[in-house]
Every structure is written in C-alpha cells, then in structure tokens.
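J.:
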Amino acid sequence: MSNNVATQKRTVAASAKKEGLSVQDLILVAVLIAAGAVLKLTVSSFLSFAGMKPNFMIAMYCLAIILTRPKMLQSVVIGLLVGLVSQLPMLNATPLVNIASEMLGALVCGLLVTAFVKVAADNKAFQNVAAPAVITFLSTVVSGYTFALIVGVAVAHLSPIAVFGVYAVMVFGTATMNAVLAAILTPVLRAVLKR
Numbered sequence: 004m005s006n007n008v009a010t011q012k013r014t015v016a017a018s019a020k021k022e023g024l025s026v027q028d029l030i031l032v033a034v035l036i037a038a039g040a041v042l043k044l045t046v047s048s049f050l051s052f053a054g055m056k057p058n059f060m061i062a063m064y065c066l067a068i069i070l071t072r073p074k075m076l077q078s079v080v081i082g083l084l085v086g087l088v089s090q091l092p093m094l095n096a097t098p099l100v101n102i103a104s105e106m107l108g109a110l111v112c113g114l115l116v117t118a119f120v121k122v123a124a125d126n127k128a129f130q131n132v133a134a135p136a137v138i139t140f141l142s143t144v145v146s147g148y149t150f151a152l153i154v155g156v157a158v159a160h161l162s163p164i165a166v167f168g169v170y171a172v173m174v175f176g177t178a179t180m181n182a183v184l185a186a187i188l189t190p191v192l193r194a195v196l197k198r
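Residue numbers (our numbering): 4 to 198.
(1) Around the Cβ of Ile68, are there at least 16 other Cβ atoms within 10 angstroms (buried) or fewer (exposed)?
(2) I need the DSSP call for Gly147, collapsed to helix, strand or coil.
(3) What are the start and end residues of the alpha helix (DSSP H) that includes Gln77?
(4) Do Val145 and Gly108 have their C-beta atoms within less than 8 Å of each other?
(5) Taking Asp27 as part of the alpha helix (DSSP H), name the residues at either end of that continuous run.
(6) Considering Cα atoms alone, identify which of Pro98, Leu184, Asn126, Val116 is closest to Ala62.
(7) Mind reading off the beta-carbon distance from Val191 to Phe150? Whole number of angstroms is fine, and I expect it under 8 Å.
(8) When you compare only the Cα positions, how much space is there between Ile102 and Ala194?
(9) Would you mind working out which of Leu110, Leu115, Ile36, Ser48 sits nearest Leu84, comparing C-alpha positions?
(10) Look at the Cβ atom of Ile138, then the Cβ atom of Leu115, and state whether they are nearer than 8 Å.
(11) When you compare the CB positions of Lys97 and Asp28, do they come within less than 8 Å of one another, or not?
This is the structure we're talking about:
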C-alpha cells in the first residue's frame, strides 16, 4: 500500500511540473528580468570595451530559462517580456527591434536547454558551467544578429551578408561576455535556490 502511494506522489509531482512554470519560477523570471534591466542601466556602460559590453538583459533571461526549464512557448513569452521591458527609453535607442531579437534568442535558449538536459542530465559540471556558457553564447549570437540584421538592413541599408561582417566583433564579443557571466552565475544561483 505505501509503495503504491509513493508511486502516485511521484507521478503527480512530475506531471505538475510539466503543466507550466510554478509561482516560484515566475517570481525568479521576474526578478532576473528586473535585475537585467537595472544592470544594463547602471553597470553595463562601465564594462564597455571596444564597442562591446555585456547585455545583461540577454544574460538574465538565459539564466531564467536555464534555471526554470520552461516549455518552448513559455521561453518565447519570456523573450517577449524582455523585449517589451527593453522598450523603455533608457534601455533602448531603437524601438521595437528588441522584441523580435529577444523572442528569437529566448526560443534558441529554450531549445538548447531542452537538448542539453536530455544529453547530459547526470553531468553536474556540464550542466552548471559548460552548458549555460554555450547556451547563453549561442542565444546571444542569435539575438544579436537578429537585432543587427533588422537595424543594418532597414536603417543602415547594408546587405544581409555585410551585416554579419560589420557586427561580428560586437555580437561575438557580447556573446562571450554573457557566456562568462552565465557560467559564473548558474552554479551560484543553483546552489542558493537549491535547483
């Protein structure tokens, strides 16, 4: 009888997680998005180097997705929320572009989190450091180049091929900074949040 009850409890807990983000997950996402906005407003300018600086908004939504492991649609909604927060005049000089770029970056982040969880679920070092770095790097590249393509083609009238060359240093530099930040913060946040 007790084995049967224990099995039922595990099944309920597993299916509850699949239904969506918990209230605790939503609070974590909101706190990380707010932290990203504050850091972008304050610290980001001081860390600028040769036109590159960490984009704390991208780094924080990547951390949120890595830590909460939402479904794909939920990842896109997180990106949409970050894009909307980025519309604040102090955070963005190019209105509306961040909505598309952050939604695509968050989608890639969600896809990679799902893939890496399946590939190396038992490897804690990989899940805590390497995976967050790779996921954040690639998500930042997708977000950065989406942004660059929209601005480069629509505003600067560059060819799409030229955009990849013109913005390469900025996009890959920012992606590297974000990846390092994610690799440092993920194990710390997992330890604090017991995830």
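Glycine included, C-beta positions come from ideal geometry on N, C-alpha and C.
Every value quoted in this text rests on a predicted model; they were computed, and no experiment measured them.
T.: This is what the structure holds:
(1) Mapped onto the sequence shown, residue 68 falls at position 65. It counts as buried.
(2) Here the question's residue 147 lines up with position 144 in the sequence shown. It is helical.
(3) Taking the sequence shown and counting its residues from 1, the one referred to as residue 77 is at position 74. Boundaries of the alpha helix (DSSP H) harbouring Gln77: 75-88, taken from the DSSP string.
(4) On the sequence shown, residue 145 is found 142 positions in, with the first residue counted as 1. On the sequence shown, residue 108 is found 105 positions in, with the first residue counted as 1. Judged by their CB atoms, Val145 and Gly108 are nearer to each other than the 8 Å cut-off.
(5) The residue labelled residue 27 in the question sits at position 24 within the sequence shown. In the sequence on display, residue 27 carries Gln and not Asp. Note, Gln27: alpha helix (DSSP H), 26-45.
(6) Start at 1 with the first residue of the sequence shown, and residue 62 comes out as number 59. Out of Pro98, Leu184, Asn126, Val116, Leu184 has the C-alpha closest to the C-alpha of Ala62.
(7) Here residue 191 refers to the residue found at position 188 when the sequence shown is read from its first residue. Here residue 150 refers to the residue found at position 147 when the sequence shown is read from its first residue. In fact, because the Cβ distance is near 28 Å, the residues do not count as touching under 8 Å.
(8) Taking the sequence shown and counting its residues from 1, one reaches residue 102 at position 99. Taking the sequence shown and counting its residues from 1, one reaches residue 194 at position 191. The straight-line gap from Cα to Cα measures roughly 32 Å.
(9) Residue numbering aside, residue 84 sits at position 81 when the sequence shown is read from its first letter. Per the Cα distances, Ile36.
(10) Mapped onto the sequence shown, residue 138 falls at position 135. Mapped onto the sequence shown, residue 115 falls at position 112. Contact flag set, yes.
(11) Residue mapping note: residue 97 aligns to position 94 of the sequence shown, counting from 1. Residue mapping note: residue 28 aligns to position 25 of the sequence shown, counting from 1. Note that residue 97 is Thr in the sequence shown, not Lys. Cβ distance not < 8 Å, so Thr97 and Asp28 don't count as in contact.
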